[in-house]
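Single-structure report; data block below.
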Amino acid sequence: MNTEDGNQAFPSVYIRVHRWFLLHVMPKPRQNELEAYLDEALPPDEMARIEHALRRHPECVEQLAAINARRDAGIHTLGEIWRRHRLSCPTRGELGSYLLGALPDEMADYVAFHVGALGCRWCQASLNDLRQKEAESPEAVETRRRKYFQSSAGYL
Ligand SMILES: [Zn+2]
404 MNTEDGNQAF PSVYIRVHRW FLLHVMPKPR QNELEAYLDE ALPPDEMARI
454 EHALRRHPEC VEQLAAINAR RDAGIHTLGE IWRRHRLSCP TRGELGSYLL
504 GALPDEMADY VAFHVGALGC RWCQASLNDL RQKEAESPEA VETRRRKYFQ
554 SSAGYL
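Under the numbering used here, the letters of the sequence shown match residues 404 to 559, in that order.
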């Protein structure tokens, strides 16, 4: 009896907070998220988040239907093609070279597309991590210092 009451009290509070969150905070999924959702190409918590968002935003269900209709017509976005062919994430070395501007144009375009248009979270995180590491490395500090002195020398 008591445990039953306890079990009821917590979920009702939780559900109210959750509903508030869905109503006021839950952002509409973006087009590329909906496409990935249809492909079941998102991590489980992202799949769940989009499922909730779909319940909250009926217009997004129409958007999903439109994506399906377009796919039936044989039209696919780059993101869909990318997932279909399961092109892998760039390696960490490639991402590092990308930051240094040392990749061939074609590969650099692919990384930009992968991280930007597709919004690959893993690679975005890797890039942020690499940027941070680069900013902290003694070589980077030394390079910056040299550039600083060179540029200030020009003004003196
Ligand atoms: Zn990636």
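For every residue, glycine included, the Cβ atom is placed at its ideal position computed from N, Cα and C.
Cβ-based neighbour list, residue i, same chain, cut-off 7 Å, excluding 5 preceding and 5 following
i: R529; result: According to the sequence displayed, residue 529 carries Ser and not Arg. Here the set comprises R495, L498.
i: A511; result: Y501
Terminal residues of the alpha helix (DSSP H) in which residue i lies
i: G504; result: Here G504 belongs to no alpha helix (DSSP H), and DSSP marks it neither H nor E.
i: K536; result: 524–539
i: A520; result: No alpha helix (DSSP H) contains A520, which DSSP labels as neither H nor E.
i: P461; result: 461–475
i: L437; result: 434–441
Contacts around residue i, its chain only, beta-carbon distance under 6 Å, and the 5 residues preceding and following it disregarded
i: E483; result: E438
i: Y440; result: I453
Where residue i falls, given that 16 or more other Cβ within 10 Å makes a residue buried
i: P432; result: buried
i: V565; result: Shown here, the chain extends from 404 to 559; a query on residue 565 therefore has no answer.
i: I470; result: buried
i: L503; result: exposed
i: P446; result: exposed
i: E542; result: exposed
i: E509; result: exposed
i: V518; result: buried
i: P461; result: exposed
i: E436; result: buried
i: P507; result: exposed
Contacting residues, own chain, Cβ-Cβ under 8 Å from residue i (five flanking each side not counted)
i: V416; result: none
Checklist entry - Can you pull every residue whose C-beta falls closer than 6 Å to some heavy atom of ligand 1, listed in chain order? => result Working through the chain, the matches are C492, H517, C523, W525, C526.
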